[in-house]
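Going letter by letter, the sequence shown gives residues 0 to 414 in numbering that gives the first Met the number 0.
All C-beta atoms, glycine included, are put in the ideal place defined by N, C-alpha and C.
A short write-up of the structure that comes next.
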Amino acid sequence: MISAKITFYLDTRRQKVSGVYPVKLRVYFQAQTKYFPTTLDLTQEEFDGALIANPRKAHQGYRNIMDGIMEKAKGARDGLPFFTFERFEDKLYTSAPPKDDIPTYYEAYIQKLEEEDRIGSADNYRLSLKSIKEFNIILANGYKPERLHFINITPEWLNKYERWMLGKGRSATTVGIYLRPLRAMFNLALADGLITHEYYPFGKRKYQIPAGRNIKKALSKADLKALATFEVEKGSFQDKARDFWFLSFQCNGMNIKDILLLRYKDVHGDKIIFTRAKTQRATKSNQKPIVVNLTDSIKAIIAKWSQQKITGNTFIFPILNDDMDAREQMDASKNFTRFINQHLKKLAKDAGLSNDITTYWARHSFTTIIMRSGASIEMASGLLGHQSTNTTRNYWAGFEDEAVKEVTKNLMNFD
């Protein structure tokens, strides 16, 4: 039986704004020729260079993609009991999308995160993909955007993306938040053997993700005292918001989600022992439980806002319940955190403090206060549950001005 012949064709009649042309499949069967679009666009030089017997390094990535497209096309042709152009087209475009497509990698990883109930991480990856797709449309300048292949993301592309984001008023921190998931997708593609290091756009002498400016968010002891002693109505929203903020502060800077996930079984005598939800899967091989000493102040807040213990599995606070799935628990945690921030800001403003205070400041304040009180960086790192002291340093607001003056004024005192 005569088989349909499939070759590549560069459609130079339709140049795109970026100077490339669509790569198509040319299918010849029984004296008829039809063309089928692919997701690849190349210049004439790239197209010719990819098709030679031994492509140079600059063209090898394109060759790899074209080999994948051809393999898929031949699989569609060979999988038909008898060939027609219509059946071939249907088979070609209804099969699974090529794995060299960045959105495909993202979507598979997002699904994995959701299956592991890592809803926050899944949302971050989803936002990253949305932003990258939006920029890709902007680059097309009104034309159909190019398919997002790994080899199309270059240091130049990433620098343009960063300038576009900053031009929209986004911070360098936000740029980093959106590009770290993309870098993770490149790392997966490297591990899968889909790309080589030559096409890896991140790192030294390539593109470096901006770290952003780390603004210290710690309160001084005087500020903490003002916040703690400012008079509010007992049982009010401000009272509740302040109690949970100080609960976070006293419990080693525990974040609100972890506070809400606490169960009575996590209380062991005069201690709470828990594992951060953020690190339960990310560092499973090196889990370190965090120990919080139950002070009288912590016990008072728990007694004030807790629900009755039924079993050891009962949540201490009545915000989450076991009927909620992971998404519902995350939404409830976010809503409660928003509640705290909303009422704490008003309280702080009334108390003459910065009205930018959020729950995140509790963790920074805890770190800074214990280190100014003489705790080592290693001790602070252990109490916070960090894997590295470098992370802990990001939370520390440094020494207070008076302490620095006291040290430096004696530099020339040699007695």
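{"Check": "Terminal residues of the beta strand (DSSP E) in which Pro-36 lies", "Outcome": "31 to 41"}
{"Check": "Rounded separation between Val-406 and Ile-315 - CA only", "Outcome": "Low confidence applies to Val-406: its pLDDT is 38, below 50, so where it sits in the model is not reliable enough to give any reading."}
{"Check": "Reduced DSSP category for Ile-271 - H, G, I as helix; E, B as strand; rest coil", "Outcome": "strand"}
{"Check": "Endpoints, the beta strand (DSSP E) within which Arg-86 is located", "Outcome": "No beta strand (DSSP E) contains Arg-86, which is instead part of the alpha helix (DSSP H) from 84 to 93."}
{"Check": "Start-end ranges of the alpha helix (DSSP H) lying completely within the segment 201 to 267, minimum 4 residues", "Outcome": "220 to 228, 236 to 249, 255 to 260"}
{"Check": "Integer-rounded CB distance, given that Ala-72 should sit under 8 Å from Leu-91", "Outcome": "6 Å"}
{"Check": "Rounded Cβ spacing between Phe-35 and Glu-88 (contact assumed at less than 8 Å)", "Outcome": "6 Å"}
{"Check": "Segment contact flag, the segment 261 to 269 with the segment 221 to 228, C-beta cutoff 8 Å, min 3 pairs", "Outcome": "no"}
{"Check": "Alpha carbon of Val-291 to alpha carbon of Leu-218, nearest angstrom", "Outcome": "21 Å"}
{"Check": "Through-space distance from Thr-37 to Asn-312, alpha-carbon basis", "Outcome": "54 Å"}
{"Check": "Residues near Tyr-160 in its chain [Cβ-Cβ closer than 6 Å; skip 5 each side]", "Outcome": "Phe-134"}
{"Check": "DSSP three-state assignment for Lys-404, whether helix, strand or coil", "Outcome": "Low local confidence applies: a pLDDT of 45 at Lys-404 is under 50, so the model's placement there is unreliable, with the coordinate-based value given in what follows. Lys-404 falls in the helix class under three-state DSSP."}
{"Check": "Alpha-carbon spacing of Gly-67 relative to Ile-194, whole angstroms", "Outcome": "13 Å"}
{"Check": "For Leu-346 and Val-231, believed in contact at Cβ under 8 Å, the rounded distance", "Outcome": "6 Å"}
{"Check": "Collapsed DSSP secondary structure at Pro-21 in the structure displayed", "Outcome": "strand"}
{"Check": "Nearest to Arg-162 (by Cα), restricted to the options Val-174, Ile-152, Thr-153", "Outcome": "Val-174"}
{"Check": "Cβ distance (whole Å) where Asn-340 is taken to contact Thr-366 below 8 Å", "Outcome": "Actually they do not touch by this definition, with Cβ atoms about 19 Å apart."}
{"Check": "Leu-128 vs Ile-152 beta-carbon contact at 9 Å", "Outcome": "no"}
{"Check": "Anticipated Cβ contact below 8 Å, Gly-202 with Ala-361, distance rounded", "Outcome": "Actually they are not in contact, since the Cβ atoms of Gly-202 and Ala-361 sit about 35 Å apart, beyond 8 Å."}
{"Check": "Beta-carbon proximity of Val-26 to Asp-40, cut-off 9 Å", "Outcome": "no"}
{"Check": "Coil, strand or helix - Tyr-198 by DSSP", "Outcome": "helix"}
{"Check": "Local conformation of Val-16 per DSSP, three classes", "Outcome": "coil"}
{"Check": "C-beta contact flag for His-342 and Lys-256 at 9 Å", "Outcome": "no"}
{"Check": "Residues of its chain near Lys-270, where Cβ-Cβ distance is below 7 Å and the 5 sequence neighbours each way are ignored", "Outcome": "Val-290, Val-291, Asn-292, Leu-293"}
{"Check": "Where the alpha helix (DSSP H) through Leu-9 begins and ends", "Outcome": "Unbroken run through Leu-9 is the beta strand (DSSP E), 4 to 9; no alpha helix (DSSP H)."}
{"Check": "Backbone CA spacing between Cys-250 and Arg-275 [nearest angstrom]", "Outcome": "12 Å"}
{"Check": "Extent of the continuous beta strand (DSSP E) run through Asn-292", "Outcome": "289 to 292"}
{"Check": "Local Cβ density within 10 Å of Pro-21, reported as buried at 16 or more and exposed below that", "Outcome": "buried"}
{"Check": "Beta-carbon gap between Tyr-434 and Pro-180 smaller than 9 Å", "Outcome": "Given that the chain is displayed from residue 0 to residue 414, the structure contains no residue 434 and the question cannot be resolved."}
{"Check": "For Ile-1, three-class secondary structure by DSSP", "Outcome": "coil"}
{"Check": "Segment limits, alpha helix (DSSP H) that includes Gln-341", "Outcome": "325 to 349"}
{"Check": "Of the residues Gly-74, Ala-325, Met-370, the one placed nearest Lys-220, counting alpha carbons only", "Outcome": "Met-370"}
{"Check": "Chain-order list of residues whose beta-carbon lies under 6 Å from that of Ile-118 (same chain, five-residue window excluded)", "Outcome": "Ala-325, Arg-326, Met-329"}
{"Check": "Straight-line gap, Leu-319 to Asp-116 (C-alpha atoms, nearest Å)", "Outcome": "15 Å"}
{"Check": "Three-way DSSP call (helix, strand, coil) for Tyr-416 in this model", "Outcome": "Nothing about residue 416 can be reported from this structure: the residues present for the chain run from 0 to 414 only."}
{"Check": "Ser-296, enclosing alpha helix (DSSP H) - first and last residue", "Outcome": "295 to 304"}
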